[in-house]
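Number of protein chains: 2
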Amino acid sequence: MTDKRDEAETDDIPAGMLALDQQLCFAVYSAAHALNRTYKPLLDPYGLTYPQYIVLMTLWEEDGRTVKGLGTTLGLDSGTLSPLLKRLEAAGYIHRARDRSDERQVLVTLTDKGHAMRREAVGIRLQIGKATGCSIETLQALTADLQALTGRLDSGTTRDDDT
Amino acid sequence: MTDKRDEAETDDIPAGMLALDQQLCFAVYSAAHALNRTYKPLLDPYGLTYPQYIVLMTLWEEDGRTVKGLGTTLGLDSGTLSPLLKRLEAAGYIHRARDRSDERQVLVTLTDKGHAMRREAVGIRLQIGKATGCSIETLQALTADLQALTGRLDSGTTRDDDT
DNA sequence: CAAAATCATATTGCGCGCAATCTAATTTTG
DNA sequence: CAAAATTAGATTGCGCGCAATATGATTTTG
Chain B
1 MTDKRDEAET
11 DDIPAGMLAL
21 DQQLCFAVYS
31 AAHALNRTYK
41 PLLDPYGLTY
51 PQYIVLMTLW
61 EEDGRTVKGL
71 GTTLGLDSGT
81 LSPLLKRLEA
91 AGYIHRARDR
101 SDERQVLVTL
111 TDKGHAMRRE
121 AVGIRLQIGK
131 ATGCSIETLQ
141 ALTADLQALT
151 GRLDSGTTRD
161 DDT
Chain E
1 MTDKRDEAET
11 DDIPAGMLAL
21 DQQLCFAVYS
31 AAHALNRTYK
41 PLLDPYGLTY
51 PQYIVLMTLW
61 EEDGRTVKGL
71 GTTLGLDSGT
81 LSPLLKRLEA
91 AGYIHRARDR
101 SDERQVLVTL
111 TDKGHAMRRE
121 AVGIRLQIGK
131 ATGCSIETLQ
141 ALTADLQALT
151 GRLDSGTTRD
161 DDT
């Protein structure tokens, strides 16, 4: 019975639009949490969190990146990455070392354990794929729409030149 | 040079599927962060965070709910909600009181300020709607797909009776 | 009715995520 | 070349999000 006060206190906005934006925001919010919950039991045996796993995936794509580079790819800053990478190093998945040619930078490289985890990840991916229960086309469409959405949102926050 | 090792170390999974699940997961992850970033400057003037705003939206739909009820709707537990509601109360948006007929429960009700915020939210919604830059149909489709995805993921984590 | 089980909420600890601040290294300027 | 500006990381503080635990209140059981 959440539908009892349909137009009670909102009279400034077209009726149909009322909940739409909210629904999308909440849908993204919930989906992110649900994904996190789904990954957790799969990653727990490896002592990894979902954000840590994402960092590893990024390094599997391209090893030996800087903290800054990872942050740009992932949309995270050093306040998030520094402690996360420290924990990944303590867990033995990565190695951190200052770049000799530019001592400001820290190069993040995979250890043997970090590389080996890539093979373990195959099983995790299968589990996740099964859990989503989506067809390839649906996955592709969803992903593309979300990427487009993210792009528009971020272009609006980094520079608001839209009149 | 992220495309130099196309099939290097993964040989257990069909090629095209390789990155798809990852992409979806990362897309949801990124979209959630992007939404958060978009909301932040809009909510800051009111001293609200995005999760707090979501709780208010829930209460606008139905006021006078219990902590447990809110948690069920939002997929959050008391460990998250208790301190969040405390802050919402401290900020003057809600009131918390033990249910006299069952002293275990805490009833959460909107204050005048909490109700008033609903009108302020109209402007926020317009901004968000504009920031998404999506057509109504795209928003609806995206929302529906995400809800379906969340539903499947959660049904898998709460009870794994698939196969 | 009293003990046990259940239930609603609160608290603690840990890991993000982000703003703000700090330090050290490099680059730019004068 | 030295001062100023920029850059890369690290640190601190705060608010989620969640597991684990604790505390009272209610219900169930014996």
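So the protein lines, in turn, are chains B and E. Sequential numbering from 1 applies to the first sequence in UniProt numbering. Sequential numbering from 1 applies to the second sequence in UniProt numbering. Backbone N, C-alpha and C define an ideal beta-carbon position, used for all residues, glycine too. Quick caveat, the model's predicted, so the values are computed rather than measured.
Using a Cβ-Cβ cut-off of 7 Å, M57 (chain B) is close to Q22 of chain E, given in chain order. Pairing L76 (chain E) with A27 (chain B) gives a Cβ-Cβ distance that is not under 8 Å. Residues of the stretch 140-151 of chain B with a Cβ closer than 9 Å to any Cβ of chain E, in chain order: Q140, A141, L142, T143, A144, D145, L146, Q147, A148, L149, T150, G151. When Cβ pairs closer than 8 Å are counted between the two stretches, the stretch 34-44 of chain E is seen not to touch the stretch 64-82 of chain E, the count staying below three. Within chain B, the C-beta atoms nearer than 8 Å to that of L153 (chain E) come from A31, A34, L35, R37, T38, A131, T132, in chain order. The three-state secondary structure of R100 (chain E), taken from DSSP, is coil. Relative to the Cα of L81 (chain B), the nearest Cα in the group B:E62, B:E89, B:G71 belongs to B:G71. Assignment of L48 (chain B) by DSSP, reduced to helix, strand and coil, places it in the coil class. Rounded to whole angstroms, A116 (chain E) and S135 (chain E) show a C-alpha spacing of 29 Å. By alpha-carbon distance to G133 (chain B), the top candidate from E:L153, E:Q127, E:R119 is E:L153.
Contact between the stretch 47-66 of chain B and the stretch 83-91 of chain B is established, with three or more Cβ pairs separated by less than 8 Å.
DSSP lists B:V108 as the beta-bridge partner residues of R65 (chain B).
One finds S30, H33, A34 in chain E with Cβ atoms closer than 8 Å to the Cβ of G75 (chain B), taken in chain order. Annotation for G79 (chain B): the continuous alpha helix (DSSP H) segment containing it runs 78-90. In the pairwise beta carbon analysis, the stretch 96-109 of chain E is classified as not touching the stretch 92-111 of chain B: fewer than three pairs are separated by under 8 Å. By the criterion of a C-beta distance shorter than 8 Å, E89 (chain E) is surrounded in its chain by H95, R96, once the five residues flanking it on both sides are discounted. Around the beta carbon of A31 (chain E), 16 or more other beta carbons sit within 10 angstroms, so the residue counts as buried.
Within chain B, the C-beta atoms nearer than 9 Å to that of I54 (chain E) come from Q22, C25, F26, Y29, in chain order.
Between the alpha carbons of H33 (chain B) and G151 (chain E) lies a distance of about 11 Å. Identification of chain B residues near T138 (chain E) by a Cβ-Cβ cut-off of 8 Å yields D145, ordered along the chain. By a beta-carbon distance limit of 8 Å, C25 (chain E) contacts I128 (chain B). Their separation comes to about 7 Å.
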